[in-house]
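Colleague:
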Amino acid sequence: MKCVIADFSGFCHGVKDTVDAIESLLKDNSSKKVSCIGLPVHNPQVTNRLKELGLNVVESLDDVDSGTLVIRAHGLPPQTIFKAQEKRLEIIDTTCGIVKNVQRIAEKLNQDGYTVIIAGEAKHPEVKAIYGYTSQKGIICTSLDEVRKVEIRGKVGIVSQTTFSKKIFKDMVHLLTDQKFSEMRVFDTICNSIAKRSTSAIEVAKSVDTMLVVGGRMSSNTKRLFEICTEYNPKTHHVETEAEIDLAWFAAAQSFGLTAGASTPQWIIDRITEYIAKR
Ligand code: SF4
10 MKCVIADFSG
20 FCHGVKDTVD
30 AIESLLKDNS
40 SKKVSCIGLP
50 VHNPQVTNRL
60 KELGLNVVES
70 LDDVDSGTLV
80 IRAHGLPPQT
90 IFKAQEKRLE
100 IIDTTCGIVK
110 NVQRIAEKLN
120 QDGYTVIIAG
130 EAKHPEVKAI
140 YGYTSQKGII
150 CTSLDEVRKV
160 EIRGKVGIVS
170 QTTFSKKIFK
180 DMVHLLTDQK
190 FSEMRVFDTI
200 CNSIAKRSTS
210 AIEVAKSVDT
220 MLVVGGRMSS
230 NTKRLFEICT
240 EYNPKTHHVE
250 TEAEIDLAWF
260 AAAQSFGLTA
270 GASTPQWIID
280 RITEYIAKR
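Set out below in structure tokens:
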């Protein structure tokens, strides 16, 4: 059976930098405890591996009193970073440069008197961090319905979660242009690596009999890849590891395609392709 792997599958550079930094800190001989607020990446297999190496994954800063705090690629609200500095923690900031750019834009808009609309998922850590950079005054919109309910006047700036849907973002901007703002500034801050990943995943999904999307169930870009691949190939399946694969999916298939979210490591992709090849 032919296997086609989409370009840009697996770790993006932002996630890779976070994982590499944590691994190198844990392998260092220092006896300092290394902590991360929230999952270091939205992939349970990678997180478990890092925990086995000694990473302390905590829910909040209240759970860290000493040692090193790693800020993951999604970033942290400035208020939390400030408190971590007050606690005299060693801070290793691996916030992705693209996410930092969104934070800077949101901060500047807020300082300049714009109401900041953040297109994204309210519970996503990246969005929570961006919200912090608006002095917690931003408006988070996940859906078009939420945009319709926005009741503000004056100057408005809109930014996006880096892994948000480009289509929904464009539709939101279109809806907002109907409102009577004195000024509206639009920043398409969706990550290019996510856009390229989606385009190549669609090409592969169209060309194969069965499509696999590999990645954590909490990973927002993996969920989005699954949604778009399903549109082009109804025989698309989302799995985290080879243990979830049902070989019946490939019974009549001459070819299968694979794409993977930005938090999926190469070793999981390799294990899945090897598992299918052996059967
Ligand atoms: S998806 Fe893009 S913005 Fe997000 S961590 Fe990866 S490279 Fe950075």
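Per our numbering, the sequence shown runs over residues 10 to 288. Glycine included, C-beta positions come from ideal geometry on N, C-alpha and C.
Can you have a look at N201 and say buried or exposed, based on whether 16 or more other CB atoms are within 10 angstroms of its CB?
Modeller: As a working mapping, residue 201 is identified with position 192 in the sequence shown. N201 is exposed by the Cβ-count criterion.
Colleague: Can you determine whether any heavy atom of ligand 2 sits closer than 7 Å to the C-beta of C45, and answer yes or no?
Modeller: Looking for ligand 2 in the displayed structure turns up nothing; the ligands present are ligand 1.
Colleague: If you follow the alpha helix (DSSP H) that D154 is in, where does it begin and where does it stop?
Modeller: Along the sequence shown, read from residue 1 onward, the residue named residue 154 stands at position 145. D154 -> alpha helix (DSSP H) spans 153-157.
Colleague: Looking at the unbroken beta strand (DSSP E) that takes in T77, where does it start and where does it end?
Modeller: Start at 1 with the first residue of the sequence shown, and residue 77 comes out as number 68. Its beta strand (DSSP E) spans residues 77-80.
Colleague: Report whether the distance from the Cβ of T103 to the nearest heavy atom of ligand 1 is below 7 Å.
Modeller: As a working mapping, residue 103 is identified with position 94 in the sequence shown. Answer for T103: no, Cβ out of range of ligand 1.
Colleague: Return the residue from the list V159, R206, A261 that minimises the CA-CA distance to V217.
Modeller: Taking the first residue of the sequence shown as 1, we reach residue 217 at position 208. Checking every option, the nearest Cα to that of V217 belongs to A261.
Colleague: DSSP on R280, reduced to helix/strand/coil?
Modeller: Numbered from 1 along the sequence shown, position 271 holds the residue referred to as residue 280. DSSP places R280 in helix when its eight states are reduced to three.
Colleague: Note down the Cα distance separating C150 from R157, rounded to an integer number of angstroms.
Modeller: Stepping through the sequence shown from its first residue, residue 150 is reached at position 141. Stepping through the sequence shown from its first residue, residue 157 is reached at position 148. Going by the C-alpha atoms only, they are around 10 Å apart.
Colleague: Return the Cβ separation of V43 and T77 in integer angstroms, given the expectation that the two are a contact with Cβ distance under 8 Å.
Modeller: Mapped onto the sequence shown, residue 43 falls at position 34. Mapped onto the sequence shown, residue 77 falls at position 68. That pair is a contact at about 5 Å.
Colleague: Per DSSP, N65 is paired with what?
Modeller: Residue numbering aside, residue 65 sits at position 56 when the sequence shown is read from its first letter. S44, per the DSSP bridge assignment.
Colleague: Closer than 7 Å: is that where the CB of G270 sits relative to any heavy atom of ligand 1?
Modeller: What you label residue 270 is simply residue 261 of the sequence shown in a count that begins at 1. Checking every heavy atom of ligand 1 against the Cβ of G270, none is found closer than 7 Å.
Colleague: Do F173 and I199 have their C-beta atoms within less than 8 Å of each other?
Modeller: Taking the sequence shown and counting its residues from 1, one reaches residue 173 at position 164. Taking the sequence shown and counting its residues from 1, one reaches residue 199 at position 190. For F173 and I199, yes; Cβs fall inside 8 Å.
Colleague: Helix, strand or coil for M193? Go by DSSP, reduced to three states.
Modeller: As a working mapping, residue 193 is identified with position 184 in the sequence shown. Strand, per DSSP.
Colleague: With H, G and I counted as helix, E and B as strand and the rest as coil, what does DSSP make of V168?
Modeller: By one-based count along the sequence shown, residue 168 stands at place 159. Note: V168 maps to strand in three-state DSSP.
Colleague: How would you call F178, buried or exposed, if buried means at least 16 neighbouring beta carbons within 10 angstroms?
Modeller: Reading the sequence shown from its first residue, position 169 is the one you call residue 178. Buried, by the Cβ-count rule.
Colleague: Taking all protein chains shown into account, decide if Q145 is buried (16 or more other Cβ within 10 angstroms of its Cβ) or exposed.
Modeller: The residue given as residue 145 occupies position 136 in the sequence shown. Exposed is the call here.
Colleague: Can you tell which of S33, N65, D16, E155 has the C-alpha that lies nearest to the C-alpha of G129?
Modeller: Residue 129 sits at position 120 when you count from the first residue of the sequence shown. Nearest C-alpha to G129: E155.
Colleague: In three-state terms, what does DSSP make of A286?
Modeller: Counted from its first residue, the sequence shown places residue 286 at position 277. In this structure, A286 counts as helix in the three-state DSSP scheme.
Colleague: Exposed or buried, what is G224 when buried is set at 16 or more other beta-carbons lying within 10 Å of its beta-carbon?
Modeller: As a first step, residue 224 must be located in the sequence shown, where it is residue number 215. G224 is buried by the Cβ-count criterion.
Colleague: In chain order, what residues of the same chain have a beta carbon less than 8 Å from the beta carbon of V136, not counting five sequence neighbours either side?
Modeller: Start at 1 with the first residue of the sequence shown, and residue 136 comes out as number 127. Apart from the 5 residues on each side of it in sequence, V136 sits with its Cβ closer than 8 Å to the Cβ of I127, G129, E130, I149, Q170 in its chain, given in chain order.
Colleague: Rounded to whole angstroms, what is the Cα-Cα separation between K36 and T56?
Modeller: Taking the sequence shown and counting its residues from 1, one reaches residue 36 at position 27. Taking the sequence shown and counting its residues from 1, one reaches residue 56 at position 47. Cα to Cα, K36 sits roughly 16 Å from T56.
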